[in-house]
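Here the structure comes first, spelled out in structure tokens, and everything after it is commentary.
Residue numbers (the working numbering): 17 to 146.
Right, dumping it as structure tokens:
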């Protein structure tokens, strides 16, 4: 007889009862929250600093219209007029990716260092206390 799949089944005996599925869900939630924080940091802090150093240049609105019919001065209006090569969006996304990679590598190195330190402390024999 086929067991009816219900929400209660998933919580008690099924997929969600396994700790790895729950850990994966928590991990994904943390990743999405971290992505939002990182995106806000990059767009609100890093890009304005880069723009101030370069002289007010905003990458995200840079584009080239391959045809003469594109006469707009901002990207949103240019996309309405026809095809555009939005190289500014690409540069912005590329810089976001590089910064996210740097932050992620920093977090992973810190985590590996903490794990190594805790493993070495656990391996040391405990001194008996009298």
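Don't be surprised by glycine CBs; every beta carbon is placed ideally from N, CA and C.
This structure is a prediction, so every number in the text was calculated from the model and none was measured.
Distance between residue j and residue i (C-alpha atoms, nearest Å)
i: residue 108; j: residue 137; result: 44 Å
i: residue 50; j: residue 83; result: 40 Å
i: residue 129; j: residue 87; result: 54 Å
i: residue 71; j: residue 96; result: 28 Å
Per-residue burial, residue i [other beta carbons within 10 Å of its own, 16 or more giving buried]
i: residue 37; result: exposed
i: residue 61; result: exposed
Reduced DSSP category for residue i - H, G, I as helix; E, B as strand; rest coil
i: residue 62; result: helix
i: residue 86; result: coil
i: residue 18; result: Per-residue confidence for residue 18 stands at a pLDDT of 47, beneath the threshold of 50, marking its modelled position as unreliable; no derived number is given.
i: residue 80; result: strand
i: residue 71; result: coil
One or two residues paired with residue i in a DSSP bridge
i: residue 101; result: 80
For residue j and residue i, believed in contact at Cβ under 8 Å, the rounded distance
i: residue 100; j: residue 94; result: 5 Å
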